[in-house]
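Chemist: Can you read through this structure? Questions will come right after.
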């Protein structure tokens, strides 16, 4: 077992039975390759925006600082672009067929981050101030709007005869993404959210765009319906695993690594998956959690540490870690039933395992 | 001369020489027909949204009150849908070929209204509280996002073999619309905006979507490039005329008719076209205006009445009214040089004159 996997085990609670989720040495280099392929194309399209939106987007994407000076930032893990290019390759096309899809899903992802930060009032992301915190709400709304419109342009400018289908897929995914965010916001006001509702919310908020990312390259390549369907299911399951890990890192991750303030999800009483599991399955600890949640005190860090202990005592941590593994298994299974190139399929699976093992 | 045209003359200042802009009896019925064709299709698509966004959008579109009870509201003038369906007809196709375009441009228009109201802090539109004023900023951002994504879906679900080109046109128009809004916001902080800059801003903020509206039906119909180009120019010029009239109504219109608070553009020191003309061309009155604009006093209604007088004394009112007529003439000219069905062309021109003569 690698050092990384050992650390992950420690992070995701000792009670989880060991699972076959090695970090494939390939994943980081697959992600790096995708980022290298996508960033130049993304820059070309960002340059179409008005100067202000382009400058703000370049900052948000990690390319520049607030003054516009180029930085060494890499702008995130490039999971979605990697899925999109692998998706084209899995369908037998070259990676470049998937690049417009890769750029477009990354733009939609970043549109949603910029708008979410406004709505959640989050002042920090990836160790840096968020767009609205630097330039204000108006600029954040407009930059997000510009990125969303641009994503469609990227696809519709592609040479693929299937560009309309790809654009259709992305527009629908965006609608589901918004639906998930609407539910997430509504859940903050409710104390009776079921685990099923919470999983549905996550399917929209995180699953829809990962599903589209994993399918869009194949769509651009004109792949048959069953291949597109399998990749779409792979991405949807991966999306839920992704969110489960995100939620775990939000409670038990290292803020110095994640770049998010410690316990921020708990502080805002967000109905994350581990918390919702604990509330709905967790005996005395779950009931104590429910009482805390119904209150309105501004919790201090010691209170939040206690809340995290309750989530764990009620089984939320173990369940989330095990469920992430189950979703990765389901994602992997989805790829088994259809004809697909072996190399890209292995890389897709490597990324799935990488996502569960990540620390940020 | 009709009673309406006489009232318009009174509204747009006596010094403007009489211009050939009769309100064709056809325009209101053309608009009504377009609305009747587009609303059922729009409802079908709005139903795809999550329940919350659908309810908020239905309120914003004038179909329901805040409690979701159906109202008799008609949700605006339907100028953009009328242009889109006439655009298809001008190219020799049936109106229904343009309907997906009509629905899509109306959704983009309403996305921008919902977001603009957040950014401008406007609490009232069409005599009713704005979305953010009822449901808060987060819901307004999400509803706008949902409408923008849905607009693309509408086009990409159409049966037209040219749907990708239509979607491309709309995405690009959205980018220009955002650029215009970015400039509009930036101009609020500046005292040295030139008339040229202001016209460029309006070309984006209002012109881009009207241009797309006037061209999208022809694109869906597979019209030749010169026809699409002529319709696009028609819409772009019409957009500037539209904004000029909007700006005039914002200062000298009747708030009971426009549904906007009296002098709201002046109060917020917005760089509208008549104000910018007055500032940059207006001798002593223009200089007095510039001094007022550089100040930061919260003006009372008497102050704002004085400011409106200064804009008029500096020539801003006359220029804007005459410029609107010139833009309508340029729009009409654009349609003359290309082969096009005579009936739809006449209806397009009737709408152009209707826009200049409108009072709300």
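Residue numbers (the working numbering), protein chains in the order written: chain H, 173 to 532; chain W, 173 to 532. All C-beta atoms, glycine included, are put in the ideal place defined by N, C-alpha and C.
Is it the case that the segment 375 to 389 of chain H contacts the segment 258 to 276 of chain H, given that we only count it when at least three CB pairs across the two stretches are under 8 Å?
Modeler: yes
Chemist: Check whether the segment 295 to 310 of chain H and the segment 357 to 376 of chain H touch, using three or more Cβ-Cβ pairs below 8 Å as the test.
Modeler: no
Chemist: Figure out for me which residue from W:211, W:252, W:520 has the closest Cα to the Cα of residue 382 of chain W.
Modeler: Nearest option by C-alpha distance: W:252.
Chemist: Measure the CB-CB distance between residue 425 of chain H and residue 297 of chain H and report whether it falls below 9 Å.
Modeler: no
Chemist: What distance in whole Å lies between the Cβ atoms of residue 472 of chain H and residue 402 of chain H, which are believed to be in contact at a cut-off of 8 Å?
Modeler: That belief does not hold up - the Cβ atoms of residue 402 of chain H and residue 472 of chain H are roughly 48 Å apart, past 8 Å.
Chemist: Applying a beta-carbon distance threshold of less than 7 Å, which residues of chain H neighbour residue 437 of chain W?
Modeler: What residue 437 of chain W touches in chain H: nothing, since even the nearest Cβ is about 17 Å away.
Chemist: Cβ of residue 262 of chain W within 9 Å of Cβ of residue 334 of chain W?
Modeler: no
Chemist: Have a look at residue 222 of chain W and residue 419 of chain H and give me their C-alpha separation to the nearest angstrom.
Modeler: Taking the straight line from one Cα to the other gives about 24 Å.
Chemist: Please report the straight-line C-alpha distance between residue 320 of chain H and residue 485 of chain W, rounded to a whole angstrom.
Modeler: 44 Å
Chemist: Would you report the Cα separation of residue 526 of chain W and residue 407 of chain W, rounded to the nearest angstrom?
Modeler: For residue 526 of chain W and residue 407 of chain W, the distance between alpha carbons rounds to 14 Å.
Chemist: Among the residues of its own chain, which have a CB less than 7 Å from the CB of residue 239 of chain W, if the five just before and after it don't count?
Modeler: none
Chemist: Counting only Cβ pairs nearer than 7 Å, list the residues of chain W close to residue 324 of chain H.
Modeler: 324, 339, 343
Chemist: What did DSSP end up calling residue 298 of chain W once you bin it into helix, strand or coil?
Modeler: coil
Chemist: Do residue 446 of chain H and residue 488 of chain H have their beta-carbon atoms positioned less than 9 Å apart in this structure?
Modeler: yes
Chemist: Please classify residue 195 of chain W: is it buried, with 16 or more other beta-carbons within 10 angstroms of its beta-carbon, or exposed?
Modeler: Low per-residue confidence applies at residue 195 of chain W: pLDDT is 47, beneath 50, and the placement is therefore not dependable, though the value from the model is reported in the following sentence. By the beta-carbon neighbour count (other beta carbons within 10 angstroms, threshold 16), residue 195 of chain W is buried.
Chemist: Which chain H residues are close to residue 390 of chain W, counting only those with a beta carbon under 7 Å from its beta carbon?
Modeler: Simply none; closest approach about 17 Å.
Chemist: Can you round the beta-carbon distance between residue 224 of chain W and residue 354 of chain H to whole angstroms, since I take them to be within the 8 Å contact cut?
Modeler: Between residue 224 of chain W and residue 354 of chain H the beta-carbon gap is near 5 Å, inside 8 Å, which marks them as a contact.
Chemist: Check whether the Cβ atoms of residue 413 of chain H and residue 500 of chain H sit closer than 9 Å, and answer yes or no.
Modeler: yes
Chemist: Taking the alpha carbon of residue 475 of chain H as the reference point, which residue from H:511, H:493, H:436, H:415 has its own alpha carbon closest?
Modeler: H:436
Chemist: Look at the Cβ atom of residue 245 of chain H, then the Cβ atom of residue 257 of chain H, and state whether they are nearer than 9 Å.
Modeler: Cβ atoms of residue 245 of chain H and residue 257 of chain H: not closer than 9 Å.
Chemist: With a cut-off of 9 Å, does the C-beta of residue 320 of chain W fall near any C-beta of chain H?
Modeler: yes
Chemist: Excluding five sequence neighbours on each side, which residues of the same chain lie with their C-beta closer than 6 Å to the C-beta of residue 532 of chain H?
Modeler: 429, 430
Chemist: Going straight from the alpha carbon of residue 422 of chain H to that of residue 209 of chain H, what length do you get?
Modeler: 30 Å
Chemist: Within the continuous alpha helix (DSSP H) that includes residue 414 of chain H, where are the two ends?
Modeler: 397 to 424
Chemist: Under 7 Å Cβ-Cβ, which residues of chain H neighbour residue 220 of chain W?
Modeler: Those are 347, listed as they occur along chain H.
Chemist: Assuming residue 373 of chain W and residue 313 of chain H make a contact with CB atoms under 8 Å, what is their CB distance in whole Å?
Modeler: Actually they are not in contact, since the Cβ atoms of residue 373 of chain W and residue 313 of chain H sit about 17 Å apart, beyond 8 Å.
Chemist: How long is the line joining the alpha carbons of residue 503 of chain W and residue 264 of chain W, rounded to whole angstroms?
Modeler: Answer to the nearest angstrom: the Cα atoms are 20 Å apart.
Chemist: In this structure, how does DSSP classify residue 236 of chain W when only helix, strand and coil are distinguished?
Modeler: strand
Chemist: Could you tell me which residues DSSP puts in a beta bridge with residue 242 of chain W?
Modeler: W:236
Chemist: When the cut-off is 9 Å and only beta carbons count, does residue 329 of chain H lie next to chain C?
Modeler: You won't find chain C in this structure, because its protein chains are H and W.
Chemist: Quick check: is the beta carbon of residue 233 of chain W nearer than 9 Å to any beta carbon in chain H?
Modeler: no
Chemist: Along the chain, where does the alpha helix (DSSP H) containing residue 347 of chain H start, and where does it finish?
Modeler: 335 to 359
Chemist: Can you tell me where the alpha helix (DSSP H) with residue 519 of chain W in it begins and where it stops?
Modeler: 514 to 529
Chemist: Going by beta carbon distance, what residues of the same chain come within less than 6 Å of residue 202 of chain H, once the five residues before and after it are set aside?
Modeler: 254, 519
Chemist: Is the beta carbon of residue 524 of chain W sitting closer than 9 Å to the one on residue 416 of chain W?
Modeler: No, the pair does not count as a contact, with Cβ atoms beyond the cut-off.
Chemist: What separation, rounded to the nearest whole angstrom, lies between the Cα atoms of residue 220 of chain H and residue 483 of chain W?
Modeler: 36 Å
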